[in-house]
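Remember, the working numbering sits 1309 above the position in the sequence shown when you count from 1. Below is one structure, written out as structure tokens; comments come after it.
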Amino acid sequence: MQNTAAVPVITIDGPGGVGKGTVAHLLAKKLNWHILDSGAIYRVVAFAAEKSHLSIEDCEGLLKLIKDLALHFSTDAEGVMHVLLNEEDITARIREPHIGAAASQLSVYPAIRTALMACQRQFAQFPGLVADGRDMGTVIFPNAQLKIFLDASPEARAIRRHRQLIAQTINVTLKDVFAQIIERDERDRTRAVAPLRPAEDAIIIDTTILSVDEVFTQVVLQWDLCQQEKV
Ligand code: DC
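Spelled out as structure tokens, the structure:
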């Protein structure tokens, strides 16, 4: 049995559309580490609930559903992460905006957050883990070696998220994406348990006017500095 407490972890938290996923993937690829997209787990629960005609407000029902969730992640030859539920590939379907909204709604329940903790911590495997989400540095991996919090204006995030969705052939207007970002920010930041906020020891990077490459360079620099501090 591995002592997973010794596994190095880098957390990348921040609001929706800030580019956490892109930066986390680039970093995991560079370091050859594992990756956790914790938002995908909340999205899978929302998707499974919809499939079982379960209300997002039925916390008991959702907890039962989580217990039986046959969820797997796999990486294809191009390094693209696939989400499988009962062996069905639902990677694209969980990206639909209404699933994101439902994921945000069900994520306010403390019991649901607790039920999903173990599943997220299992991702901490050697040689290391890059974990992206909202509470990776504050709750799930409080002892992470490096904690990054990415932020950006809602306008910049809406433009990025809109571009992403269009590329995935999900047809939405920029205006709708912006409205969803504002609504989701409010819920994610104000919920009672594990609200979206930087950990006290997180490094905050405002990415509003930065390119992906520039953000990535800053994160790599922070990791290098963090390594140097250890010697
Ligand atoms: O990052 P995302 O858009 O895929 O996340 C979808 C929702 O899941 C987000 O609005 C809130 C919830 N979530 C969370 O509460 N905690 C996390 N660590 C990740 C996501």
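We put the beta carbon where it would ideally sit given N, CA and C, even for glycine.
According to DSSP, what are the bridge partners of residue i?
{"i": "M1445", "result": "In the DSSP output, where bridge partners are listed per residue, M1445 has none listed."}
{"i": "T1313", "result": "According to DSSP, T1313 bridges with nothing at all."}
{"i": "T1478", "result": "Note: T1478 sits in no beta bridge, so no partner."}
{"i": "H1471", "result": "None, per the DSSP bridge assignment."}
{"i": "M1390", "result": "T1384"}
{"i": "A1269", "result": "For residue 1269 there is no data in the structure shown, the boundaries of the chain being 1310 and 1540."}
Can you tell me the Cα-Cα spacing of residue i and residue j, whole angstroms?
{"i": "A1508", "j": "S1462", "result": "19 Å"}
{"i": "E1481", "j": "E1492", "result": "It is Val, not Glu, that sits at residue 1481 in the sequence shown. Looking at the two C-alpha atoms, the distance is approximately 16 Å."}
{"i": "F1383", "j": "N1395", "result": "Note on residue identity: the sequence assigns Ser, not Phe, to residue 1383. Roughly 13 Å separates the two Cα atoms."}
{"i": "D1515", "j": "V1316", "result": "28 Å"}
{"i": "L1464", "j": "D1346", "result": "Checking the sequence, you will find Glu at residue 1464 rather than Leu. Each residue's alpha carbon lies about 23 Å from the other."}
{"i": "V1529", "j": "V1327", "result": "17 Å"}
{"i": "E1405", "j": "I1479", "result": "7 Å"}
{"i": "L1474", "j": "K1373", "result": "31 Å"}
{"i": "T1517", "j": "I1457", "result": "15 Å"}
{"i": "E1523", "j": "D1367", "result": "43 Å"}
{"i": "E1397", "j": "A1314", "result": "32 Å"}
{"i": "I1294", "j": "G1446", "result": "It is not possible to answer for residue 1294, since the shown part of the chain is limited to 1310 through 1540."}
{"i": "A1379", "j": "Q1527", "result": "37 Å"}
Which whole-angstrom value is the C-beta distance of residue i and residue j, which I expect to be below 8 Å?
{"i": "L1415", "j": "V1354", "result": "6 Å"}
{"i": "I1403", "j": "F1356", "result": "5 Å"}
{"i": "A1453", "j": "V1318", "result": "4 Å"}
{"i": "R1352", "j": "I1408", "result": "5 Å"}
{"i": "D1441", "j": "A1511", "result": "Not a contact, Cβ separation roughly 13 Å."}
{"i": "V1521", "j": "T1320", "result": "Not a contact, Cβ separation roughly 19 Å."}
{"i": "L1425", "j": "K1329", "result": "So it is not a contact: roughly 18 Å between Cβ atoms."}
{"i": "G1595", "j": "K1338", "result": "With the chain covering only 1310 through 1540, there is no way to say anything about residue 1595."}
So the alpha helix (DSSP H) residue i belongs to, where does it begin and stop?
{"i": "L1372", "result": "C1368 to K1376"}
{"i": "D1533", "result": "V1521 to K1539"}
{"i": "T1400", "result": "That residue, T1400, is in no alpha helix (DSSP H); it is neither H nor E in DSSP."}
{"i": "V1486", "result": "L1483 to T1499"}
{"i": "A1427", "result": "M1426 to R1430"}
So residue i is in the beta strand (DSSP E); what residue range does that whole segment cover?
{"i": "H1334", "result": "It is not in any beta strand (DSSP E) - H1334 instead sits in the alpha helix (DSSP H) that spans K1329 to L1340."}
{"i": "F1458", "result": "L1455 to D1460"}
{"i": "V1417", "result": "Neither: V1417 is in no beta strand (DSSP E) and is coded neither H nor E."}
{"i": "T1516", "result": "Neither: T1516 is in no beta strand (DSSP E) and is coded neither H nor E."}
Is residue i close to the ligand SAH? I mean its beta-carbon at under 8 Å from any heavy atom of the ligand.
{"i": "Y1351", "result": "Here the bound small molecules are the ligand DC; the ligand SAH is not part of this structure."}
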